[in-house]
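A.B. asks:
2 protein chains.
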Amino acid sequence: MTAQDIDGKSIAAAVRAELTEKLASLPDGSSKPGLAVMLVGERKDSQTYVRMKQKACADCGMDSFLCTYPDDDKLNEELLLAQIKDWNEDPKVHGILVQLPLPKKIDEATILEAVLPAKDVDGLHPANAAKLFNTATHAGAAKLDWKDMTSIPFHIPCTPQGCIELLDRIGCDIEGKNAVVIGRSNLVGLPVAMLLLHRNATVTIVHSRTKSVEDVVRNADIVVAAVGRAHMVTKSYLKPGCTVIDVGINSVDAPGTKRGYRLVGDVKYDEAKEIAEWITPVPGGVGPMTIAMLLRNTWNGWRRTTEEK
Amino acid sequence: MTAQDIDGKSIAAAVRAELTEKLASLPDGSSKPGLAVMLVGERKDSQTYVRMKQKACADCGMDSFLCTYPDDDKLNEELLLAQIKDWNEDPKVHGILVQLPLPKKIDEATILEAVLPAKDVDGLHPANAAKLFNTATHAGAAKLDWKDMTSIPFHIPCTPQGCIELLDRIGCDIEGKNAVVIGRSNLVGLPVAMLLLHRNATVTIVHSRTKSVEDVVRNADIVVAAVGRAHMVTKSYLKPGCTVIDVGINSVDAPGTKRGYRLVGDVKYDEAKEIAEWITPVPGGVGPMTIAMLLRNTWNGWRRTTEEK
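Protein sequences, first through last, are from chains A and P. To convert, take the position in the first sequence, counting from 1, and add 310; that gives this note's numbering. To convert, take the position in the second sequence, counting from 1, and add 310; that gives this note's numbering.
Here it is, written out as structure tokens:
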């Protein structure tokens, strides 16, 4: 068997085209979704990510706002908190994104928790996390339709949401499947495990202290690798016919290439390709979904605001 | 093999004795931990639980406060919220417990979220839940010692905490073990899964939509059954030598007995006894731990308050 690629690039493009179309069909003079981005310090990678996010907003007809802060003597938490407060109160801003990591002297949790949960399009605020980690089915609990993530009334983190969107778009029926998540980070592993659980998968979380990761993963119909170790998952880890979502983006030496390195996933793609049914390439798999889901969250925040009126 | 019983009754008694001793050794005139309990309506079972909790406080030298509200025309959320606010501000109150379930016309989430997280000894507030569902290991994240649950600076739900305490007191080394949690409720299944993960178990969560629960559970070194189905887990589900924590308390008909019913767990105890190494009986296993952990949370809340001064 040769696995089919899960083409994250074209799936992300499709999501973005859907949003573009929705926004283009608004009457003239309508309010538009707006994303505010905070960039602190001079990291080149952060600058690139922020530019990509702003361009993506423009491409699909959303507003974006940027505040940059050099990492100098004047930088402090109060300065950033004041800006967050402004954006929280600004009706033109529907999503607030704090580009991470922040410089060491700034406490990330303090800044992230200052963002209004309704505008927390990264889904990192404890109020949003607590709702995601909730399976309440008692009488008073809101009945959520997890098969339609845009109907969920709070923000779901972008990369985990993108993983599930990929599975949906290839027609993968998650319910009842054995899903194994490799890695237990707050940014990816844990939230993706919760999303799989909400979709009624049987979910196992493995990590650095797991004995015989290989044996556990080999039971999986769906593997989500989010551990950040280049090529950790080889052919022998995989059950024939499984679906592989590779969240890892690791740079490995590639002497003789122009850049001197190349990006690879947590999964040994060439080997996995021989045994899986579906697999995300790296790059071009999960990566492009993150921005698409960020746009969708911003649109969703805007939609909820306008519907409330 | 015949499994040894995990004697929750005597372990809970030991925990309570430790607290009693700590409190007895305080200088005369010291402040004491205080638990405030809200009881709404006329459910006999709730009245019994509340009485047990108050008696447990008295036995170990803590204060307890009780407010009861009949489920009548005068009952409304404002009335309950005003009482919660009073307790939030009362320095004699270190723990606030709202006995559930509340009458239908009261929104449970509204009441529970009004409790100050630092006094939320049931660990049900979203702020506490968000902290439990957090594995942050980045530089800025607080380093938590999950092997000493009393050192965790927020409230962990009582029954899940009791499950882990039982494992600790029989000397079960959780790290690296395969743990399977049956059930995904917010009250037990999910938080116990998180606690096992924090202790570096490899955790699988199974539920009503899982295919072949039996096959999954048979891989488990540690089984936590929290599903509420009498005798669902039989001998064929269990790996020889496993440890079984049975959270279920189900009443089944017992014609000819005085009460006409008896209480059984989610696990078929007699069969499991033949194959497991350790097992909690029902009753007398997990049950008694809930109140012991409630007392410990209240003591912990008090201790943190006094240490801050």
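For each residue, glycine too, the CB sits at the ideal point set by N, CA and C. If you're wondering where the values come from, they're calculated on a predicted model, not measured in any experiment.
Can you pull the DSSP bridge partners for A/Ser561?
C.D. replies: A/Leu573
A.B. asks: Who are the Cβ neighbours of A/Leu500 in its own chain at under 6 Å, not counting the five residues just before and after it?
C.D. replies: Arg494
A.B. asks: Let me make sure I understand the geometry here. Which of P/Pro380, P/Gly371 and P/Ala334 has the alpha-carbon closest to that of P/Lys354?
C.D. replies: The candidate whose alpha carbon is nearest that of P/Lys354 is P/Pro380.
A.B. asks: Along the stretch 511-539 of chain A, what residues have a CB closer than 7 Å to any CB found in chain P?
C.D. replies: Thr512, Val513, Thr514, Ile515, Val516, Arg519, Thr520, Lys521 and Val526
A.B. asks: Tell me the DSSP secondary structure of P/Thr600 in three-state form.
C.D. replies: helix
A.B. asks: P/Glu587 to P/Thr544, Cα distance in whole Å?
C.D. replies: 15 Å
A.B. asks: Taking DSSP's pairing of strands, which residues face P/Ser374 in a bridge?
C.D. replies: P/Leu345
A.B. asks: Between P/Asn444 and chain A, is the shortest Cβ-Cβ distance under 7 Å, so that the two count as touching?
C.D. replies: yes
A.B. asks: Using a Cβ-Cβ cut-off of 8 Å (strictly less than) and excluding sequence neighbours within five positions of A/Thr420, which residues of its own chain qualify?
C.D. replies: Glu387 and Leu391
A.B. asks: Output, in sequence order along the chain, the residues in the stretch 350-370 of chain P whose CB is closer than 8 Å to any CB in chain A.
C.D. replies: The stretch 350-370 of chain P vs chain A, Cβ under 8 Å: nothing.
A.B. asks: Quick check on the burial criterion: 16 or more other C-beta atoms within 10 angstroms. Buried or exposed for A/Arg509?
C.D. replies: buried
A.B. asks: Could you give the DSSP three-state label for A/Gln314: helix, strand or coil?
C.D. replies: strand
A.B. asks: Taking all protein chains shown into account, do 16 or more other C-beta atoms lie within 10 angstroms of the C-beta of P/Pro343, making it buried, or fewer, making it exposed?
C.D. replies: buried
A.B. asks: Determine whether the Cβ of A/Pro436 lies closer than 7 Å to any Cβ atom of chain P.
C.D. replies: yes
A.B. asks: Take P/Arg528 as the anchor and find which of P/Lys453, P/Thr553, P/Ile466 and P/Thr358 has the nearest alpha-carbon.
C.D. replies: P/Thr553
A.B. asks: Please compile the residues from chain A whose C-beta is within a distance smaller than 8 Å of the C-beta of P/Gly486.
C.D. replies: Ordered by position in chain A, the residues that pass the 8 Å Cβ test against P/Gly486 are Arg519, Thr520 and Lys521.
A.B. asks: Counting only beta-carbon atoms, is P/Asn496 nearer than 7 Å to chain A?
C.D. replies: P/Asn496 has a beta carbon lying within less than 7 Å of a beta carbon in chain A.
A.B. asks: Of all the alpha helix (DSSP H) runs that stay within the bounds of the stretch 435-479 of chain P, which reach a length of 4 or more residues?
C.D. replies: 436-442 and 468-479
A.B. asks: Give the residues of chain A in contact with P/Leu500, contact being defined as C-beta atoms less than 7 Å apart.
C.D. replies: Phe443 and Thr445
A.B. asks: Looking at C-beta atoms only, is the number of pairs between the stretch 473-488 of chain P and the stretch 587-598 of chain P that lie closer than 8 Å three or more?
C.D. replies: Touching, per the Cβ criterion.
A.B. asks: Under a CB-based cut-off of 7 Å, is A/Ala313 close to chain P?
C.D. replies: no
A.B. asks: Based on the DSSP output, what are the partners of P/Gly493 in its beta bridges?
C.D. replies: The partner list for P/Gly493 (beta bridge, DSSP) is empty, contrary to what the question assumes.
A.B. asks: What residues from chain P crowd round A/Ala439, counting only those whose CB sits closer than 7 Å?
C.D. replies: Ala440 and Phe443
A.B. asks: So, helix, strand or coil for A/Val350, using DSSP?
C.D. replies: strand
A.B. asks: Could you pull the start and end residues of the alpha helix (DSSP H) that A/Thr420 belongs to?
C.D. replies: Bounds of the alpha helix (DSSP H) holding A/Thr420 are Glu418 to Ala424.
A.B. asks: Could you check what DSSP says for P/Thr608 in three-state terms: helix, strand or coil?
C.D. replies: It is helical.
A.B. asks: Considering only their Cβ atoms, is the gap separating P/Leu548 from P/Ile585 smaller than 7 Å?
C.D. replies: yes
A.B. asks: Mind checking who P/Val543 pairs with in its DSSP beta bridge?
C.D. replies: Residue pairing by DSSP places P/Val543 opposite P/Val577 in a beta bridge.
A.B. asks: If we ignore side chains and look at the alpha-carbon of each, how far apart do P/Ile601 and P/Cys468 end up?
C.D. replies: 7 Å
A.B. asks: Quick one: what does DSSP say P/Asn510 is sitting in, helix, strand or coil?
C.D. replies: If DSSP states are grouped into helix, strand and coil, P/Asn510 belongs with coil.
A.B. asks: So for P/Leu407, helix, strand or coil by DSSP?
C.D. replies: strand
A.B. asks: Would the beta-carbon of P/Gly575 fall within 7 Å of that of P/Asp556?
C.D. replies: yes
A.B. asks: Please look up how many angstroms separate the CB atoms of A/Ala530 and A/Asn488, rounded, as I've assumed it's under 8 Å.
C.D. replies: 5 Å
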